[in-house]
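Data first, discussion second: the structure below is written as structure tokens.
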Amino acid sequence: MSAAGSGAPAPAAPEGVVILGMHRSGTSLITRLVNLLGVNVCRYGDLLVGRARNPRGHWESKSLVHYNDRLLEELGGSWFCPPEMTAAQTRRLLEHHRDEALAAVGEAHPERPWVWKDPRTCALMPFWAAVLEGRVAYVLAVRHPFEVSDSLHTRNGCKPLLSLAMWERYTRQAMLGAAGSPAMTCTYDGVLAEPVAWCERLAAFLGELGVPTRPVDRLAIEAFVMSELRHSSQSWDALRPGPEISEQQVALARAASTYTVARVYAPPRLPAETPQTSAIFREIAAIDPGRRGLAALPERFVAPGATGRSSREDSWPAVSAVLGCREPQALAGALEALGSLPAGSELFAPGAALAGAHEWCERHEVKLREIEGERAPTPAAALEAGGKAAGGRLVLLAGAGLTRTAGWFLPLRQILASGEVGGAAPTMRFESAAGEGFHGRAFADEDLGVRYSPAHAADGPVSVPLLPGVHSLFIRRVYAAAGGLDGEFASLGGALAELSVRLWRMGFRCSVSPRAEAWAPAPGAEEAREEVERLHERLRIATLHLGRAQLDAFVERARELPAYEQAARRLAASDTERRRASIEAVCALSIDWYFESFPPGQAGPVKTPAAVQRAKVGTLRRIRRRARRL
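The working numbering puts the first residue of the sequence shown at 35, with every later residue one more than the last.
So this is what it looks like as structure tokens:
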């Protein structure tokens with residue numbers, strides 16, 4: 035008989051959902067799917083965002099990652115050397131850190147219900163299971179051990195000997211730690227295969243526990259779950275013990291990959307840990323990993339010189355240059371203005387414009403690619419089509435208005451190398467304004483008019499609200515994860531403005547290099563376009579990004595303009611609902627956050643989100659100091 039049926043009080047609904055799983059097991063993807071069901075991630079200022087290696091977001095708390103690292107170090111371990119966690123160690127941690135740990139979770143997640151993900155939690159499950167007892171439900175994500183090994187080799191250079199030992203300890207600790215609590219298990223490939231159906235099952239499970247959720251948003255879920263997320267594919271049926279994987283690890287994989295959903299989770303009988311796994315972590319612990327890192331490990335554990343790229347990516351061209359020029363003479367002018375591309379790059383342009391490009395491509399050792407004409411009715415649509423087909427590690431978007439460039443490639447590539455910058459551009463100069471430079475663009479007012487921002491003295495890259503409208507370079511992984519350029523815009527300038535907002539809201543920066551320059555005819559070229567076209571672009575940005583109240587106010591003001599009816603009809607003819615759903619799915623930060631960082635009409639150098647956050651923290655500290663004095 036159930037507790038409710040026996041007259042006993044029903045158990046309290048969980049405060050939060052904890053996502054468990056080894057590193058590289060899809061925990062970021064699953065955390066976002068839980069978040070799309072209406073379960074809150076951590077507060078904005080604590081959210082880890084904007085990393086090219088995981089461009090669709092980590093969806094985890096920076097403060098709790100640091101907290102887990104501190105606990106692991108106290109135990110003599112690290113994320114790649116998970117401690118064995120004896121009963122004595124667990125008791126000692128609980129004596130010293132139980133209240134502090136609970137407070138840290140509450141500080142990171144002020145809104146209930148919340149979802150928390152950090153793979154390190156698996157390594158500390160004997161501690162966290164006791165701290166969070168009765169407060170949470172668990173979702174355990176399991177990925178094929180060889181897929182995890184492949185991914186860790188790409189990202190960190192870890193060899194299978196280390197990766198599989200980590201996978202085994204993390205997975206065992208997660209399963210044993212979740213015992214007695216509500217839990218649901220899943221495989222990464224199962225979630226990717228049927229993300230909507232999986233979300234429906236999870237929503238039903240959380241609903242039974244009393245955790246409120248939103249209706250399943252098919253558009254947002256399908257937009258977020260990309261087929262490109264999976265770079266390694268292994269068969270569970272073909273998994274057998276062998277030279278690289280032990281019998282115990284295979285048995286654990288079979289047990290962990292069995293779908294389970296339970297109010298009181300009881301893990302199946304698990305094999306003992308592989309003896310070699312314990313020996314590996316004892317050896318690594320003796321090398322002091324918490325202070326010296328992976329680079330200090332012997333080569334049998336870690337391959338030196340890991341690139342962070344898969345072997346597939348190493349075969350990609352260096353740059354895919356996409357030009358929206360539709361006439362041969364315009365393309366010839368743009369190629370002349372571009373200067374040169376790294377050898378082995380590729381060039382995309384509409385077929386009608388390619389006649390004069392063959393000689394230039396041969397001279398510069400660049401492969402020529404055609405953008406099919408019917409897919410590219412406008413320059414922005416041509417750039418969108420070329421960007422989708424691009425195979426390079428970097429994607430360059432250049433418009434027909436480009437007249438010349440100077441030293442653009444190396445400075446922009448260096449800016450992007452940090453992995454935190456999503457789009458980079460040169461300082462803009464205009465033939466009609468000799469001597470004056472511009473660092474990107476910004477919204478001039480609440481009606482989303484766009485203006486160029488005058489350049490100012492800078493020693494390094496300058497963060498800008500909107501990239502210039504002629505010439506920008508992107509990391510392809512980030513560009514694809516963001517959803518690429520929106521071809522519904524008539525101009526590259528409008529499309530780049532919207533893409534810039536999207537990148538910022540994903541947590542990436544947009545930057546301009548003072549060391550690189552690009553010229554265009556005149557900054558007023560946008561004004562020469564038809565009023566209908568310009569208003570349509572502003573309406574589209576508003577519809578895709580503004581909140582409901584902001585959008586209603588924007589439309590009310592726009593109705594007064596003569597071009598409104600035509601612009602609104604053009605907007606209605608496109609699928610803005612699906613596009614907005616895909617944008618909301620990939621964006622970790624709100625449009626309000628964007629406008630707090632970059633107020634429309636702001637004069638002078640733009641504030642970066644980091645600067646805004648520092649200012650907020652400084653204000654809070656001043657308030658607390660005054661409160662203590664009072």
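Beta carbons: idealized from backbone N, C-alpha and C, even for Gly.
Here the structure is a predicted model, which is why all the values come from computation and not from measurement.
Go ahead and label residue i buried or exposed: buried means 16 or more other beta carbons lie within 10 angstroms of its beta carbon, across all protein chains shown.
i    : result
R360 : buried
G227 : Note that residue 227 is Ala in the sequence shown, not Gly. Classification of A227: exposed, given that the 10 Å Cβ count is below 16.
T155 : buried
A329 : exposed
V298 : exposed
S59  : buried
T221 : buried
G494 : exposed
P48  : buried
T577 : buried
E618 : buried
Y293 : exposed
H130 : exposed
S112 : buried
G140 : exposed
If I'm right that residue i touches residue j with Cβ under 8 Å, what's the distance once you round it to whole angstroms?
i    : j    : result
E380 : P351 : 5 Å
R475 : V498 : 7 Å
L109 : Q123 : 6 Å
Q282 : L198 : Wrong, their Cβ atoms sit about 11 Å apart, outside the cutoff.
M200 : F114 : 6 Å
I575 : A531 : 7 Å
Using DSSP with H/G/I as helix, E/B as strand and the rest coil, what is residue i?
i    : result
V139 : helix
R539 : helix
E278 : coil
F477 : strand
A306 : coil
H131 : helix
V75  : coil
F632 : coil
P548 : strand
H505 : strand
R316 : helix
L375 : coil
L428 : strand
P362 : helix
Are residue i and residue j touching if we call contact CB-CB under 8 Å?
i    : j    : result
A602 : M462 : no
D152 : L98  : yes
A371 : R438 : yes
P302 : A289 : yes
A137 : Y101 : no
E480 : P634 : yes
L623 : G518 : no
G456 : R543 : yes
L54  : A175 : yes
L428 : R536 : no
S280 : T308 : yes
A355 : A432 : yes
S545 : V504 : no
P116 : R203 : yes
A368 : L357 : yes
E94  : T120 : no
S547 : P460 : yes
Measure the alpha-carbon distance for residue i versus residue j and round it to whole angstroms.
i    : j    : result
V250 : V230 : 7 Å
T247 : L236 : 10 Å
P376 : N74  : 44 Å
W232 : A391 : 49 Å
F382 : L450 : 21 Å
W442 : A552 : 8 Å
A387 : G373 : 18 Å
V52  : T188 : 27 Å
L71  : A458 : 34 Å
E565 : A157 : 59 Å
E454 : G581 : 26 Å
F477 : C76  : 29 Å
S215 : V149 : 16 Å
E181 : C192 : 13 Å
H473 : G527 : 14 Å
A272 : A254 : 34 Å
P332 : T311 : 16 Å
A164 : L128 : 8 Å
G50  : V173 : 11 Å
V400 : G426 : 12 Å
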